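*Asks:* Chains as they are written, first to last, in our numbering: chain A, 1 to 111; chain B, 1001 to 1112.
For each residue, glycine too, the CB sits at the ideal point set by N, CA and C.
Note that the coordinates shown come from a computational prediction; the quantities given were computed from them, not determined experimentally.
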Amino acid sequence: EDQVTQSPEALRLQEGESSSLNCSYTVSGLRGLFWYRQDPGKGPEFLFTLYSAGEEKEKERLKATLTKKESFLHITAPKPEVSATYLCAVQAPGGSYIPTFGRGTSLIVHP
Amino acid sequence: NAGVTQTPKFQVLKTGQSMTLQCAQDMNHNSMYWYRQDPGMGLRLIYYSASEGTTDKGEVPNGYNVSRLNKREFSLRLESAAPSQTSVYFCASEAGLRETQYFGPGTRLLVL
């Protein structure tokens, strides 16, 4: 059973149309939640780390938030260049703190 | 500062052939990881090395072996490749617990 579930699997937006990606998790004792961006044909690139419920982090038009059950990646007035796959990973005490990745959300922003 | 490098970038193998995927990092990180990424499956951990001299199995270790050659290098070996091992392989490193993972550019492997 998945410990990390990302939704939606794919999302198409028009340029300027704000939306949010979801990452829900079932691990107990969360140590850290990570967001990565992955462009086609490349490795994941780090965006944010969140450690506790209520924490928020922001970078350009992206804002990540965390509750006790899920994290959201809010995308404000997106431009086509934010098109990518966004991965979420959680780190828990069990399993030597090895992060568990979700399956990702593929985001396409049309001009 | 190259970060995490992987070789080769692309490889085609025939069933039963062997090969080694190379990974090196220049960030003085303690931990290194090998993942495979398949469509619809996300990133799955094959093996990891928490520190130089140690290696442990991940979620999908069957058919693979690893060597942590030194602090910089972590290799992944396929002894007898199978079509089910067709995938994109990523190496990653991190400084320590609760730290960010840095990924290499990936190796695309096709097993015929």
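Kindly list the residues whose CB is nearer than 6 Å to the CB of E1079(B), restricted to its own chain and excluding five residues on each side of it in sequence; keep chain order.
*Replies:* As a working note, residue 1079(B) is residue 79 in the second sequence. Cβ within range, chain order: S1018.
*Asks:* What are the residues of the segment 46-59 of chain A that lie near chain B, defined by any Cβ-Cβ distance shorter than 8 Å?
*Replies:* Listed by position, the residues of the segment 46-59 of chain A near chain B (Cβ gap below 8 Å) are F46, T49 and Y51.
*Asks:* Indicate the three-state DSSP secondary structure (helix, strand or coil) for V1111(B) in the structure shown.
*Replies:* Taking the first residue of the second sequence as 1, we reach residue 1111(B) at position 111. Three-state result, V1111(B): strand.
*Asks:* Can you name, in chain order, every residue of its own chain whose Cβ lies under 8 Å from the Cβ of E70(A), other than the five neighbours on each side?
*Replies:* Counting from one through the first sequence, the residue named residue 70(A) turns up at place 70. The answer, listed in chain order, is N22, C23, S24 and Y25.
*Asks:* In chain A, which residues lie with their C-beta within 8 Å of the C-beta of M1041(B)?
*Replies:* Residue 1041(B) sits at position 41 when you count from the first residue of the second sequence. R103, listed in chain order.
*Asks:* Which residues in the same chain as A1095(B) place their Cβ atom closer than 6 Å to its Cβ, once the five residues preceding and following it in sequence are excluded?
*Replies:* For the purposes of this step, residue 1095(B) is taken as the residue at position 95 of the second sequence. Here the set comprises H1029.
*Asks:* Does G16(A) come within less than 9 Å of chain B when only Cβ atoms are used?
*Replies:* In the first sequence, the residue the question calls residue 16(A) occupies position 16. With 9 Å as the cut-off, G16(A) does not count as an interface residue toward chain B.
*Asks:* Could you check if F1010(B) is buried or exposed, using at least 16 other CB atoms within 10 Å of its CB as the buried criterion?
*Replies:* Taking the second sequence and counting its residues from 1, one reaches residue 1010(B) at position 10. F1010(B) is exposed by the Cβ-count criterion.
*Asks:* Between which two residues does the beta strand (DSSP E) containing N1065(B) stretch?
*Replies:* Locating residue 1065(B) in the second sequence gives position 65, where the first residue counts as 1. Start and end: Y1064 to R1068.
*Asks:* Use the C-beta contact count for L1069(B): other C-beta atoms within 10 angstroms, 16 or more gives buried, fewer gives exposed.
*Replies:* In the second sequence, counting from the first residue as 1, residue 1069(B) sits at position 69. Classification for L1069(B): exposed.
*Asks:* Please identify the residue among Q6(A), G16(A) and T5(A) whose C-alpha is closest to the C-alpha of P111(A).
*Replies:* If you number the first sequence from 1, residue 111(A) lands on position 111. Checking every option, the nearest Cα to that of P111(A) belongs to G16(A).
*Asks:* V1060(B) by DSSP, collapsed to three states: which one?
*Replies:* As a first step, residue 1060(B) is located in the second sequence; it is residue number 60 there, counting from the start. Coil at V1060(B), not helix or strand.
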